[in-house]
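K.L.:
Chains as they are written, first to last, in this note's numbering: chain A, 1 to 427; chain B, 428 to 580.
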Amino acid sequence: MKTKYWIWIGGVLVAGAAAAAAWVIQPAIAPIQLPAPNSFDDASVARGARVVAQGDCMVCHTAAGGAPYAGGLPLRTPFGTIYTTNITPDTETGIGNWPLAAFTRALRHGVSRDGHLLYPAFPYIHYTRMSTADITDAYAYLMTRTPVVARAPDNDLLLLLRFRPMLAGWNLLYLRPGPVADNPAQSTEWNRGRYLVDGAGHCASCHSTLDPIGGERSPAFSGGNIDGWDAPALTALLQTPKPWNREQLAHYLRHGWSPEHGAAAGPMGPVAHSLSQVPEADTNAIATYIMSLQTPAKALPTTAAAAATATTPPASSATVTQGAALFAGACGGCHSAAAPMMATGGRPSLALSSAVTGDRPDNLIQVVLNGIPWSHPGQDTFMPPFAASLTDAQIASIAAYVRADIGKRPAWPDVEQRTTKIRKENQ
Amino acid sequence: MSTLIVNGIRHTLDIDPTTPLLYALRNQLELNGAKFGCGMGQCGACTVLLDGQPVFGCITPVAACEGRQVRTIEGLGSADKPGKLQASFIKHQAAQCGYCIAGMVMRAQSLLEQHPRPTETQIRQHMEPNLCRCGTHMRIIAAIKEVAEGAKA
C-alpha cells in the first residue's frame, strides 16, 4: 500500500517536472522586418482599437507623461517593482520585429518573442481566453502605432524571482491556456460578457484576492487590493446601500460614476476611461455577466445593531465634532446635501459610496489624499487632493465623522495610523 | 477662538473654525493677494503655502491650520521690494488680468523651495493644477525658469 502511494507521488512529481520543463524551454521565434502600416487591413486595425481598449493595454503600458504604449510604468507588487514594456512597433525596444505568432504566444502563454517567460503582472492567464481574431486585430492595431524608442528600466525584484524559469512552475499552477467554449445555457450577451471579463478585461486581476505567490484565489471576484486601493468584491453588488442593477453598472463602466453609488477612483478611473471608448454593447455585456455572479442581498447592519457586536470602540465625540468642522470647510462645498453639485448636479450622497460604507478605510483615505485627478478631456468627475492641507489626524477625524454621521456605520479602527502608512506607501 | 500663523505672525481670530482659510486671510487679516476663483479647489487662484506645501485656500478650513505655518504672496515681498519670483513675473510681464498670479507665484515658490533647479517638464507638471484664463502660461513658465536658472549660476 505504502509503495503504491510513493509510486503515485513519484509519478505526479515526474509529470510535474516534465510539464514545467516543457514550459521552461520555449524556443525563440525568428524576428521579422517591421511590416509597413498599409500591409494591415484598415478594418482589422479599427477592430483592434476596440480590443486594445477592452484590454486596457494603454493604462499599464504607458508611463506618467510618457508616449502611449511605450511602457516604463512601475508596477509595485509584493515581490518588487516591475516596469512595463514598450509595446509600440519599435524594432529595437518594442515589438516591431515580432511576428503575429510571437504576439499570440505572449498573450496565450506568457512567453516573449525571444523565448523568456513573462511575469504574470502581464495578465496572460486572462488574455489567453481571447479569440484568435481579437488577438490578430489587437496586433494589427499595435503594429500600426507610432514606434517609440524607449527601453523600460530594469525590474527591481526579489533575487529569487529574477530567475525567470521559475515562472514555469507558476504557469503550471495558474495558466489554463486557450479560449473557453460558450455556455449554451446562457444568453449570447452573457457569454460575450464572460468573454470580455475573463479575457481581455482581466477584471479578476484586481478584483480577486491573491495568494502568497500572486495567483488569483478561487472563487474569483471576492475583492482584492491594487496600488494601495481596495478593489471591491464583484460578487457583493447587491449588498451595497442601494443594490446595483445591470443598467447602473453599464453606466458606471462607461461614464466612471453611478448616480446611486459614486465615482470610479484610483486604478478604476483609467479602466472606466478605456471602457468609455468601446461600443455600448460591450459594457452592457460586461454588466450582464457581472450581475449574474451576485450572491443574494443580506440585511445590512445598522449602526445600532453593528455597535452591539462591533469590536472597535466608537470614535470619541470630540473627534467626530472636529471631523464635522473639517468636513464643513474642506468637503462640504461639494459633498454637503445643499451643495450645488449635490442639489442640482445629481451627485450621489457619500452615504452611498463604497469608500464610506466599506469594511476598510483605505479607499476613503486614498481619495482624500489624492483626490480624483484630471486624467483625460471630457472626464465626468474630479476631486482635488488634500494630502498637503490635511494632517493624518485630521483625515482620521473626517473619516470618523463621515463614517458615523453620513455612512451610519460603526467606526473603523486605527484610521490615523493607516493614513500615515498609506501616505508613506504612496510616495 | 482660532489661531493662525501667517507669514510668521501669530493671529488669534474669533472665527468659525469651518471658515475657509482664504476668507480668513482676505476678510479678517486683509491679505488680499490670494483670490477667490472657483471655491472648489479646481482653479488655484487661492493657492497659499501650508507648511511649505501648496494648498487651495478655498477648501482648507481654518480648523486644519492650527499650529501650522501659512504663507501668502505678501510674505514673499512688497511692491517696493519684490521677491525673486515676483520680480521675475514683473520682468516677463507674466500677468494679463492678474487674477491667477498670486496663486501661480505661490505654487512656483513651493517648487523652487523643494527643487531649486527644476527642468521645464517639472515646472509644467508642478504648475498644472493652476489655471490662467488669459493665456499667459508661456510667460509664467519663462518667469519661473529664469529664477530657476539664476539658482544654477
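Heads up, the beta-carbon is just placed ideally off N, CA and C, and yes, glycines get one too. A quick note: this is a predicted structure, and the numbers were derived from the prediction, not measured.
Below 7 Å CB to CB, which residues in the same chain sit around His251 (chain A) once its five sequence neighbours on both sides are set aside?
P.N.:
For the purposes of this step, residue 251 (chain A) is taken as residue 251 along the first sequence, with counting starting at 1. Excluding positions up to five away in sequence, the list reads Ser258.
K.L.:
According to DSSP, simplified to helix, strand and coil, what is Val475 (chain B)?
P.N.:
Start at 1 with the first residue of the second sequence, and residue 475 (chain B) comes out as number 48. In this structure, Val475 (chain B) counts as strand in the three-state DSSP scheme.
K.L.:
Measure the beta-carbon distance from Pro545 (chain B) to Pro488 (chain B) and round it to whole angstroms, keeping in mind my assumption that it falls under 8 Å.
P.N.:
As a working note, residue 545 (chain B) is residue 118 in the second sequence. As a working note, residue 488 (chain B) is residue 61 in the second sequence. Not quite, the Cβ-Cβ distance comes to about 31 Å (not below 8 Å), so this is no contact.
K.L.:
Determine the DSSP secondary structure at His255 (chain A), reduced to helix, strand or coil.
P.N.:
Walking along the first sequence from the start, residue 255 (chain A) turns up at place 255. His255 (chain A) falls in the helix class under three-state DSSP.
K.L.:
Quick one: is Ile442 (chain B) near chain A, going by C-beta distance under 8 Å?
P.N.:
Along the second sequence, read from residue 1 onward, the residue named residue 442 (chain B) stands at position 15. Not an interface residue.
K.L.:
When Cβ atoms are compared, which residues of the segment 309-335 of chain A fall closer than 9 Å to chain B?
P.N.:
Going along the segment 309-335 of chain A in chain order, one finds Gln322, Ala324, Ala325, Leu326, Phe327, Ala328, Gly329, Ala330, Cys331, Gly332, Gly333 and Cys334 with a Cβ nearer than 9 Å to chain B.
K.L.:
Just checking my contact of Phe463 (chain B) with Cys485 (chain B) at CB under 8 Å: how many whole Å lie between their CB atoms?
P.N.:
Position 36 of the second sequence, counted from the first residue, corresponds to residue 463 (chain B). Position 58 of the second sequence, counted from the first residue, corresponds to residue 485 (chain B). Contact holds; Cβ gap of about 6 Å.
K.L.:
Could you compute how far the alpha carbon of Cys331 (chain A) sits from the alpha carbon of Met531 (chain B)?
P.N.:
The count along the first sequence starts at 1 and reaches residue 331 (chain A) at position 331. The count along the second sequence starts at 1 and reaches residue 531 (chain B) at position 104. Distance between the alpha carbons of Cys331 (chain A) and Met531 (chain B) is about 23 Å.
K.L.:
Less than 8 Å between the C-beta atoms of Tyr289 (chain A) and Gly193 (chain A), yes or no?
P.N.:
Mapped onto the first sequence, residue 289 (chain A) falls at position 289. Mapped onto the first sequence, residue 193 (chain A) falls at position 193. Contact flag set, yes.
K.L.:
Identify each residue in the segment 138-161 of chain A for which the Cβ-Cβ distance to at least one residue of chain B is less than 7 Å, and report them in chain order.
P.N.:
From the segment 138-161 of chain A, no residue has a Cβ closer than 7 Å to chain B.
K.L.:
Could you please give the first and the last residue of the uninterrupted alpha helix (DSSP H) stretch that includes Trp190 (chain A)?
P.N.:
In the first sequence, residue 190 (chain A) corresponds to position 190, counting from 1. Counting along the chain, the alpha helix (DSSP H) containing Trp190 (chain A) begins and ends at Thr188 to Asp198.
K.L.:
Counting only beta-carbon separations shorter than 8 Å, does Leu390 (chain A) have a partner in chain B?
P.N.:
Stepping through the first sequence from its first residue, residue 390 (chain A) is reached at position 390. Chain B contact via Cβ: present.
K.L.:
Looking at the unbroken beta strand (DSSP E) that takes in Val497 (chain B), where does it start and where does it end?
P.N.:
Sequence index remark: in the second sequence, residue 497 (chain B) carries index 70 (1-based). Here the beta strand (DSSP E) through Val497 (chain B) covers Gln496 to Arg498.
K.L.:
Using C-beta distances below 6 Å, list every residue in its chain close to Gly80 (chain A), excluding the 5 sequence neighbours before and after it, in chain order.
P.N.:
Numbered from 1 along the first sequence, position 80 holds the residue referred to as residue 80 (chain A). Cβ neighbours of Gly80 (chain A) beyond the five flanking positions: Asp156, Leu157 and Leu158.
K.L.:
Quick check: the segment 158-170 of chain A against the segment 262-277 of chain A, are at least 3 beta-carbon pairs closer than 8 Å?
P.N.:
No, they do not touch.
K.L.:
Looking at C-beta atoms only, is the number of pairs between the segment 458-472 of chain B and the segment 486-505 of chain B that lie closer than 8 Å three or more?
P.N.:
Yes, the segment 458-472 of chain B is in contact with the segment 486-505 of chain B.
K.L.:
Does the Cβ-Cβ distance between Asn426 (chain A) and Leu390 (chain A) come in under 8 Å?
P.N.:
Counted from its first residue, the first sequence places residue 426 (chain A) at position 426. Counted from its first residue, the first sequence places residue 390 (chain A) at position 390. Cβ atoms of Asn426 (chain A) and Leu390 (chain A): not closer than 8 Å.
K.L.:
Establish whether the CB of Gln394 (chain A) and some CB of chain B are separated by less than 8 Å.
P.N.:
Residue 394 (chain A) sits at position 394 when you count from the first residue of the first sequence. It does; some Cβ of chain B falls within 8 Å.
K.L.:
Can you tell me where the beta strand (DSSP E) holding Arg437 (chain B) begins and where it ends?
P.N.:
Taking the second sequence and counting its residues from 1, the one referred to as residue 437 (chain B) is at position 10. Ile436 to Leu440 is the span of the beta strand (DSSP E), which, as asked, contains Arg437 (chain B).
K.L.:
Arg108 (chain A): buried (16+ other C-beta within 10 angstroms of its C-beta) or exposed?
P.N.:
Position 108 of the first sequence, counting from 1, holds the residue named residue 108 (chain A). Classification for Arg108 (chain A): buried.
K.L.:
Within this structure, are the beta carbons of Ile29 (chain A) and Arg113 (chain A) separated by less than 8 Å?
P.N.:
By 1-based counting over the first sequence, the position of residue 29 (chain A) is 29. By 1-based counting over the first sequence, the position of residue 113 (chain A) is 113. A contact, by the Cβ cut-off of 8 Å.
K.L.:
Taking its Cβ as the centre, do 16 or more other Cβ atoms sit within 10 Å of Thr295 (chain A), making it buried, or is it exposed?
P.N.:
As a working mapping, residue 295 (chain A) is identified with position 295 in the first sequence. Thr295 (chain A) should be labelled exposed.
K.L.:
Does the segment 342-357 of chain A come close enough to the segment 226-244 of chain A to have 3 or more Cβ pairs within less than 8 Å?
P.N.:
The segment 342-357 of chain A is in contact with the segment 226-244 of chain A.
K.L.:
Considering only C-alpha positions, which residue in the set A:Ala297, A:Leu34 and A:Thr188 is nearest to Asp282 (chain A)?
P.N.:
Residue 282 (chain A) sits at position 282 when you count from the first residue of the first sequence. Nearest of A:Ala297, A:Leu34 and A:Thr188 to Asp282 (chain A), Cα basis: A:Thr188.
K.L.:
Entirely within the segment 116-186 of chain A and at least 4 residues each: give me those alpha helix (DSSP H) ranges in chain order.
P.N.:
Complete alpha helix (DSSP H) runs here, min 4: 124-127, 132-143 and 167-174.
K.L.:
Let's test the definition: count the other Cβ atoms within 10 Å of the Cβ of Thr446 (chain B) and tell me whether it reaches 16, buried, or not, exposed.
P.N.:
Along the second sequence, one-based indexing puts residue 446 (chain B) at 19. So Thr446 (chain B) counts as buried.
K.L.:
Need the endpoints of the beta strand (DSSP E) that Ala514 (chain B) sits in, please.
P.N.:
As a first step, residue 514 (chain B) must be located in the second sequence, where it is residue number 87. Taken as a continuous stretch (DSSP letters only), Ala514 (chain B) belongs to no beta strand (DSSP E), being part of the alpha helix (DSSP H) at Lys511 to Lys518.
K.L.:
Please list the partners that Pro384 (chain A) has in chain B, where partner means a Cβ-to-Cβ separation under 7 Å.
P.N.:
As a first step, residue 384 (chain A) is located in the first sequence; it is residue number 384 there, counting from the start. Here the neighbours are Gly468, Gln469, Phe483 and Ile486.
K.L.:
Can you tell me where the beta strand (DSSP E) holding Tyr83 (chain A) begins and where it ends?
P.N.:
Walking along the first sequence from the start, residue 83 (chain A) turns up at place 83. Where Tyr83 (chain A) is concerned, the enclosing beta strand (DSSP E) stretches over Gly80 to Tyr83.
K.L.:
Answer yes or no: do Ile567 (chain B) and Ala521 (chain B) have a C-beta to C-beta separation smaller than 8 Å?
P.N.:
Residue mapping note: residue 567 (chain B) aligns to position 140 of the second sequence, counting from 1. Residue mapping note: residue 521 (chain B) aligns to position 94 of the second sequence, counting from 1. Yes, the Cβ-Cβ distance between Ile567 (chain B) and Ala521 (chain B) is below 8 Å.
K.L.:
Is Gln523 (chain B) helix, strand or coil when you go by DSSP?
P.N.:
Position 96 of the second sequence holds residue 523 (chain B). Gln523 (chain B): coil per DSSP, three-state reduction.
K.L.:
I need the DSSP call for Asp42 (chain A), collapsed to helix, strand or coil.
P.N.:
For the purposes of this step, residue 42 (chain A) is identified with residue 42 of the first sequence, where counting begins at 1. In the structure shown, Asp42 (chain A) sits in a helix (DSSP, three-state: H, G or I).
K.L.:
What is the C-beta distance between Thr240 (chain A) and Phe221 (chain A), in whole angstroms, given that I count them as a contact (C-beta under 8 Å)?
P.N.:
Within the first sequence, residue 240 (chain A) is the residue found at index 240, counting from 1. Within the first sequence, residue 221 (chain A) is the residue found at index 221, counting from 1. About 15 Å; that fails the 8 Å criterion.
K.L.:
Between the Cα of Ala472 (chain B) and those of B:Leu539, B:Gly504, B:Ala575 and B:Ala535, spot the shortest distance and give me the residue it belongs to.
P.N.:
Taking the second sequence and counting its residues from 1, one reaches residue 472 (chain B) at position 45. Considering only alpha carbons, the answer is B:Ala535.
K.L.:
Are there 16 or more other CB atoms within 10 angstroms of the CB of His116 (chain A), so buried, or fewer, so exposed?
P.N.:
Residue mapping note: residue 116 (chain A) aligns to position 116 of the first sequence, counting from 1. His116 (chain A) should be labelled exposed.
K.L.:
What residues match up with Phe382 (chain A) in a beta bridge as DSSP calls it?
P.N.:
Indexing the first sequence from 1 puts residue 382 (chain A) at position 382. According to DSSP, which records beta bridges pairwise, Phe382 (chain A) is partnered with nothing at all.
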